[in-house]
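Here is the structure we will look at.
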Amino acid sequence: MSSFLYRLGRAAARARVLVLALWVVVLAAAGGAALVFNQGTDDAFAIPGSESQDALDHLGRVFPEVSGTSAQLVLVVPDGAKADTPQNRAAVAQAVTRIGKLDQVATVVNPFDKNVNGAVSNDDRAALIAVPLKVQLAAVDPATKTGLATIADDLGKQTGAKVYTGGDAFSNRVPKLSPTEGIGLLIALLVLVLMFRSLIAAVMPLVTAVLGVGVAVGLIFLATLVTPISSTAPMLAVMIGLAVGIDYALFLLSRHRDQLGEGLDVEESIARATATAGSAVIFAGLTVVIALLGLAVAGIPFLTTMGVAAAVAVALAVAIAVTLVPALMSFAGRRLRPRAPKPRRTRRRRKPQIARWWVRTATKAPLVTVLVVVAGLAVCAIPATSLRLALPDNGTEEHGSPARDTYKVVSEHFGPGYNGPLIVTADIITSTDPIGLVNKIADEIRHVPGVASVPLATPNPKGDTGIIQVIPTTAPDSVQTDDLVARLRGLEPHFLAAYGTQTAVTGITAVGIDVSTQLGGALLPFGILVVGLSLILLAMVFRSIWVPIKATIGYLLSVGAAFGATSFVFVQGHLADALNVTHTGSVISFLPIILMGVLFGLAMDYEVFLVSRIREDYVHKGDPHHAIESGFVSASRVVVAAAVIMFAVFAAFVPEGSATIKPIAFSLAVGVFVDAFIVRMTLVPAVLALLGRRAWGLPPKLDRVLPVFDAEGDALVHELRLADWPTPNSTEAISARALRLEDDRGRPVYTDLDLHLPCGEVLVLHGTGACGKTALLYTLAGRVTKFTGDLKVLGRVLPQHTHALRRDVAVVPCRDTGDPARQIAAALDGDAGLIVVDDIDLVLRTDVRDQVRALLAERRTRSAGPATFVLTCQDPERIRDLLPEAAHLHALTAAQPAEVS
550 MSSFLYRLGR AAARARVLVL ALWVVVLAAA GGAALVFNQG TDDAFAIPGS ESQDALDHLG
610 RVFPEVSGTS AQLVLVVPDG AKADTPQNRA AVAQAVTRIG KLDQVATVVN PFDKNVNGAV
670 SNDDRAALIA VPLKVQLAAV DPATKTGLAT IADDLGKQTG AKVYTGGDAF SNRVPKLSPT
730 EGIGLLIALL VLVLMFRSLI AAVMPLVTAV LGVGVAVGLI FLATLVTPIS STAPMLAVMI
790 GLAVGIDYAL FLLSRHRDQL GEGLDVEESI ARATATAGSA VIFAGLTVVI ALLGLAVAGI
850 PFLTTMGVAA AVAVALAVAI AVTLVPALMS FAGRRLRPRA PKPRRTRRRR KPQIARWWVR
910 TATKAPLVTV LVVVAGLAVC AIPATSLRLA LPDNGTEEHG SPARDTYKVV SEHFGPGYNG
970 PLIVTADIIT STDPIGLVNK IADEIRHVPG VASVPLATPN PKGDTGIIQV IPTTAPDSVQ
1030 TDDLVARLRG LEPHFLAAYG TQTAVTGITA VGIDVSTQLG GALLPFGILV VGLSLILLAM
1090 VFRSIWVPIK ATIGYLLSVG AAFGATSFVF VQGHLADALN VTHTGSVISF LPIILMGVLF
1150 GLAMDYEVFL VSRIREDYVH KGDPHHAIES GFVSASRVVV AAAVIMFAVF AAFVPEGSAT
1210 IKPIAFSLAV GVFVDAFIVR MTLVPAVLAL LGRRAWGLPP KLDRVLPVFD AEGDALVHEL
1270 RLADWPTPNS TEAISARALR LEDDRGRPVY TDLDLHLPCG EVLVLHGTGA CGKTALLYTL
1330 AGRVTKFTGD LKVLGRVLPQ HTHALRRDVA VVPCRDTGDP ARQIAAALDG DAGLIVVDDI
1390 DLVLRTDVRD QVRALLAERR TRSAGPATFV LTCQDPERIR DLLPEAAHLH ALTAAQPAEV
1450 S
């Protein structure tokens, strides 16, 4: 991966004009296509397979009048007056007639009709005109809403009452960007300027992030051609895309500027930054994308599309970081080189850096730090026990909006349950008295605890399906309403036994309850997926068992604290006024699973960037405590900048964000702050200090099974360091320096080996007992990769290019083959550049030895190229007759240093 990114970064730098032009064209194409083909968003939260959704779909076929969205006109008379007067009755009847003539209106319910119950409030000050529509919310024509509003105004003038127009048809849950979100970008710009001390470097991440978000939003709206997408999806993509887009560009720019400061050439620095920091960006982006796509485990289509939309924004941020950012860095050239610090005239004792002071404080008493952090975050998570999930309704609309005002009036005069009525459907196709059957069921439902009234009970025109409208005593998002739905569904076996009819509970409120229940049930499997992924990925990166466990526990603490803070504000109502929270008591149902997915990727990002620097220092110097301080100091500046930027971007969506986006942005802002500053920069150093050397290392069996993921481009750095080793344009087939291999128990198999074998010659590894000659042979063949030291075979650096090398290497185990000469000849015929022969002293047949001697003497492949041989034996005297005169002998003893002879 890092080698590919190295070439990609160099290519992007050289073709900077083309790369920039291509991204501009992509942005224009995505934006133009979205404008032309955009079908609009759809906030119908469907949940296929649930009882409520199946019943709602059934009603759409047999009783369409009650399956669409609806509007409400609420007539409220002044104090002391009565709504039910002859004048008001006449005016309302006229309004009902006019409403019935509007397009998309299925029917109109006159509150003063003798067959209608509960449409006039108990205080006789309000009357509710229900207007079921033929279409769903997304298909409501603005002309229909305008017509209803006009009729409401005329009704108010005729009666002298205040007429409110609202209902689901007037809801506007589409999140909108406001100037407040720009504050987050300004804070990001300020942080970047302070970090880079360069306006060019500071503006670059913002430009690339905005471009990536623009492309993502264009593609999301274009996708409305083929699938319904909720209005939350584009805003979520904007929020996450901006945050990760700025951070990913920041990582590359920071590495590039550091390398320029060290004197590296611009193009070479761009290539290396793309390979090293770009590898970390791809790792971080991959984890976020996997987590977002993992939202599909909930089995809810609108949530899956939301996760895919956000994943697209993150994937574009990654693609821009490794292509457009290198191109822009090439445009900037040497202007990105950091300024050299001015020499001080007088020497003063330097104060310790804040980062150094912080890490020393955190690790001075590591056990105390761990206990304080864990206990503190556990306390912060306590409010999460009262976290209440629900779908947004008109009670979450903006203050002063028609839908919110109508919602409030209905709650005041009729009760909160009128804002979330339930519908009980009954299959009455076999009944000979459909009206009587529906009335009997309705009478029983009236006596169910939690039912305020049953204003409507009627069969459809065909007489095969009955509907019973049930008004709860409590609000749609209350626990008591959930309990009522459960009680009504508990009566289904009774109705089937008593009346022979199958019933179901549906309606927008019931759908919301089912969505919340299914999302709540999906949290555990999604959490297991995320935690398992975290353990595996980090074990692959750090080759450690304790680092992944520590990182995963820290992630869970961050999630718990974020849940607790969100519940503290949005459910319990603390600080609600200060944060401009207009609705408390519940948060949107998919907040927990989105928070877990996004925060997982961000947490792994910070973990990799910080701990990889610590591990790098430990590998080089072997002192775990010094590595913690040194790695922390070198990485903390970038981690702090990235976390502050991400926190600012998320927090900027809180003050003026919609009721849907606001709690998500708040939880992500809290989660980022806690994870970056408390978990990664405080808890992690303390835990590593407690573990010491035990923090690094995998059980041998797991180490062999688990693949290596180079998230920081260490392999490329190693390869570049060996580019001109042992000499520029070297013709050596094998070059080894300080080569060492240990067994599963940490005991050396061979150690401190130096080898230099010219191309086309023969090397004999010999020794008796456990001298490691076979292990060394298979190391040179690219079959053993867990070694330390520097090794080049046929010009390829190992272990980075073992897979490529194996195509050019043939292994002949004489102990297991009856005719090694034939295998050697086949390898030469296959143009193998290196042939390794194990236990060649076991070749005893005279005819076979003659053939092997001839092949070793010729050492030519089918294409007439030179072939290099490495042989193993116990005593070279036994094979002296097989060897050419110029053969190199290398004696091995039990893990003792030896030199080539």
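The sequence shown begins at 550 in the numbering used here and counts up one residue at a time.
Ideal placement from N, C-alpha and C gives every residue a C-beta, glycine not left out.
Asked: Which same chain residues end up closer than 8 Å to Lys1250 when comparing Cβ atoms and leaving out the 5 residues on each side of it in sequence?; Found: Asp1293
Asked: Look at the alpha carbon of Gln1445 and the alpha carbon of Val1346, and state the distance between them as a whole number of angstroms.; Found: Any reading at Gln1445 needs caution, since the residue's pLDDT is 47, under 50, leaving its predicted position unreliable; the model's value is listed next. When rounded, the distance between both Cα atoms is 24 Å.
Asked: Can you have a look at Ala1472 and say buried or exposed, based on whether 16 or more other CB atoms are within 10 angstroms of its CB?; Found: Look at the range of the chain in this structure, 550 to 1450, and you will see that residue 1472 is not part of it.
Asked: With 16 as the cutoff for other CB atoms within 10 Å, does Ala820 come out buried or exposed?; Found: buried
Asked: Would you mind working out which of Gly667, Phe719 and Asp702 sits nearest Pro691, comparing C-alpha positions?; Found: Phe719
Asked: Below 6 Å CB to CB, which residues in the same chain sit around Leu852 once its five sequence neighbours on both sides are set aside?; Found: Leu844 and Phe1139
Asked: Is the stretch 1060–1070 touching the stretch 593–606 in the sense that three or more CB pairs, one from each, lie closer than 8 Å?; Found: yes
Asked: Within this structure, are the beta carbons of Gln636 and Thr955 separated by less than 7 Å?; Found: no
Asked: Along the chain, where does the beta strand (DSSP E) that runs through Arg1164 open and close?; Found: Unbroken run through Arg1164 is the alpha helix (DSSP H), Leu1140 to Lys1170; no beta strand (DSSP E).
Asked: In chain order, what residues of the same chain have a beta carbon less than 7 Å from the beta carbon of Leu1072, not counting five sequence neighbours either side?; Found: Pro1141 and Ile1142
Asked: Taking Cβ positions, are Leu801 and Val874 nearer each other than 7 Å?; Found: yes
Asked: Which complete beta strand (DSSP E) runs does the stretch 608–654 hold, if anything under 3 residues is left out?; Found: 619–625
Asked: Hey, Asp619 and Leu608: beta-carbon distance below 7 Å or not?; Found: A quick correction: the sequence has Ser, not Asp, at residue 619. Their beta carbons are not under 7 Å apart, which means Ser619 does not touch Leu608 by this criterion.
Asked: From Val838 to Val863, what does the alpha carbon distance come to, in whole angstroms?; Found: 7 Å
Asked: Answer yes or no: do Gly761 and Gly790 have a C-beta to C-beta separation smaller than 7 Å?; Found: yes
Asked: Counting only the same chain and skipping the five closest in sequence on each side, list residues whose C-beta sits under 7 Å from that of Ile732.; Found: Ala1201
Asked: If you check the beta carbons only, do Met1153 and Thr825 fall under 7 Å apart?; Found: no
Asked: Whole angstroms are fine: how far does the CA of Thr646 sit from the CA of Glu993?; Found: 34 Å
Asked: Quick one: give me the first and last residue of the alpha helix (DSSP H) that Val1386 is part of.; Found: Run containing Val1386: none in the alpha helix (DSSP H); it sits in the beta strand (DSSP E), Leu1383 to Asp1387.
Asked: How many Å lie between Ile1213 and Val568 at the Cα?; Found: 35 Å
Asked: Would you list, in sequence order, the uninterrupted alpha helix (DSSP H) runs of no fewer than 4 residues that lie entirely inside the stretch 1178–1224?; Found: 1210–1222
Asked: Excluding sequence positions up to five away, which residues of its chain have a Cβ less than 8 Å from the Cβ of Phe1149?; Found: Thr836, Val837, Ala840, Val1079, Leu1082, Ser1083 and Tyr1104
Asked: Helix, strand or coil for Arg1409? Go by DSSP, reduced to three states.; Found: strand
Asked: Does the stretch 1375–1391 come close enough to the stretch 1410–1428 to have 3 or more Cβ pairs within less than 8 Å?; Found: yes
Asked: Bridge partners of Arg1289, per DSSP?; Found: Thr1337
Asked: So, at 7 Å on beta carbons, what are the nonlocal neighbours of Thr1231 in its own chain, with the 5 sequence-adjacent residues on each side left out?; Found: Ala911, Thr918 and Val922
Asked: Would you identify the three-state DSSP class for Phe1418, choosing helix, strand or coil?; Found: strand
Asked: Can you find at least 3 beta carbon pairs, one from the stretch 980–991 and one from the stretch 1004–1018, that sit closer than 8 Å?; Found: yes
Asked: Using the three-state DSSP reduction, which class does Gln808 fall into: helix, strand or coil?; Found: helix
Asked: Just the Cα atoms here: how many angstroms apart are Leu1217 and Ala1353?; Found: 43 Å
Asked: Let me make sure I understand the geometry here. Which of Pro850, Gly834 and Thr1133 has the alpha-carbon closest to that of Ala860?; Found: Gly834
Asked: Less than 7 Å separating the beta-carbons of Ile1194 and Met784?; Found: no
Asked: Verify whether the separation of the beta carbon atoms of Val1358 and Ala1330 is less than 7 Å.; Found: yes
Asked: From the DSSP output, which residues share a beta bridge with Thr1055?; Found: Ile972
Asked: Using CA atoms only, rank isn't needed, just tell me which of Leu1086, Gly999 and Ile990 is closest to Gln1051.; Found: Ile990
Asked: Which residues in the same chain as Ile931 place their Cβ atom closer than 8 Å to its Cβ, once the five residues preceding and following it in sequence are excluded?; Found: Gly1113
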